[in-house]
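Residue numbers (this note's numbering): 4 to 232.
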């Protein structure tokens, strides 16, 4: 299967990086400071989506359209809280991520990393784990018109990686938004992983080609030696 691909696009948090509950907790605290108590369902539904767009959506839900002006302030506060959380707890690569990257590179496949974070924050995370330069492209939420579930992150990854044919692209992610974006981009292989936000039942509500425990299982899937869920 890997011979049918030129590019593999990976999500960061929950797919290749182990970040734990810092993201939802930072969301909760930022909104709590504004008097809004977010439910577990509200948090779950925005996992994988553009952080700024998710904040706008939640503000409008709780305060109405007039609250749109609070988006930037709340987004900045969210990033502050997240940075504080990351400074206290080490960000780690999910087991097998780097080995999977090397396996793909040995087979001349290109690698792109996607995230809903702004570039300044995403590069800080990559620097902390020594991943600067590990991918052919890193595309962030503030570099495209629309965040997930729109396909813009994937399309921009293709452009920066020199891949013009979506039928030679695979997308790997841990959320429904990842899989929805993959479907809209028309990629050959949309792969869900169970290492992050959404479980198997939730991922299976989206169009997908495979669901695997984690990125360490991707080489087996692409070489035909690993069964899928």
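Just so it is clear, CB atoms sit at the ideal spot from N, CA and C, and this is done for glycine as well.
Look at residue 61 and residue 41 and say whether their C-beta atoms are less than 8 Å apart. Working through the chain shown from its first residue, we reach residue 61 at position 58. Working through the chain shown from its first residue, we reach residue 41 at position 38. Yes, the Cβ-Cβ distance between residue 61 and residue 41 is below 8 Å.
Among residues of its own chain, excluding the 5 on either side of residue 25, which ones have a beta-carbon nearer than 8 Å to its beta-carbon? For the purposes of this step, residue 25 is taken as residue 22 along the chain shown, with counting starting at 1. Result list for residue 25: 85, 88, 89, 92, in chain order.
With 16 as the cutoff for other CB atoms within 10 Å, does residue 202 come out buried or exposed? As a first step, residue 202 is located in the chain shown; it is residue number 199 there, counting from the start. Flag for residue 202 reads exposed.
How about residue 187 and residue 154: are their beta carbons less than 8 Å apart? Counting from 1 along the chain shown, the entry for residue 187 is found at position 184. Counting from 1 along the chain shown, the entry for residue 154 is found at position 151. Result yes, Cβ atoms of residue 187 and residue 154 sit closer than 8 Å.
What does the alpha-carbon distance come out to for the pair residue 94 and residue 212? In the chain shown, counting from the first residue as 1, residue 94 sits at position 91. In the chain shown, counting from the first residue as 1, residue 212 sits at position 209. Distance between the alpha carbons of residue 94 and residue 212: 29 Å.
Would you mind working out which of 162, 171, 73, 175 sits nearest residue 13, comparing C-alpha positions? Locating residue 13 in the chain shown gives position 10, where the first residue counts as 1. For residue 13, the nearest C-alpha among the options comes from 175.
Can you check whether the CB of residue 113 is closer than 8 Å to the CB of residue 10? Here residue 10 is taken as the residue at index 7 of the chain shown, counted from 1. Here residue 113 is taken as the residue at index 110 of the chain shown, counted from 1. The answer is yes: Cβ separation under 8 Å.
If you check the beta carbons only, do residue 163 and residue 8 fall under 8 Å apart? Locating residue 163 in the chain shown gives position 160, counting from the first residue. Locating residue 8 in the chain shown gives position 5, counting from the first residue. For residue 163 and residue 8, no; Cβs fall outside 8 Å.
Taking DSSP as the reference, what is the three-state secondary structure of residue 172? Working through the chain shown from its first residue, we reach residue 172 at position 169. Reduced to three states, the DSSP call for residue 172 is strand.
Roughly how many whole angstroms lie between the Cα atoms of residue 101 and residue 136? Sequence index remark: in the chain shown, residue 101 carries index 98 (1-based). Sequence index remark: in the chain shown, residue 136 carries index 133 (1-based). Distance between the alpha carbons of residue 101 and residue 136: 12 Å.
Out of 116, 131, 29, state which residue places its alpha-carbon closest to the alpha-carbon of residue 19. The residue you call residue 19 lines up with position 16 of the chain shown. Measuring from the Cα of residue 19, the nearest candidate turns out to be 116.
Tell whether a beta-carbon distance below 8 Å holds between residue 157 and residue 185. As a position in the chain shown, residue 157 is number 154, starting the count at 1. As a position in the chain shown, residue 185 is number 182, starting the count at 1. Yes; because the gap between Cβ atoms is below 8 Å, this pair is in contact.
Straight-line CA distance for residue 1 to residue 192? Because the chain in this structure spans residues 4 to 232, residue 1 falls outside the shown range and cannot be described.
Output needed for residue 34: all residues of its chain with C-beta closer than 6 Å, excluding positions within five of it in sequence on either side, in chain order. Sequence index remark: in the chain shown, residue 34 carries index 31 (1-based). Correct list, in chain order: 41.
To the nearest angstrom, how far is the alpha carbon of residue 132 from that of residue 30? Position 129 of the chain shown, counted from the first residue, corresponds to residue 132. Position 27 of the chain shown, counted from the first residue, corresponds to residue 30. Spanning the two alpha carbons is a distance of roughly 23 Å.
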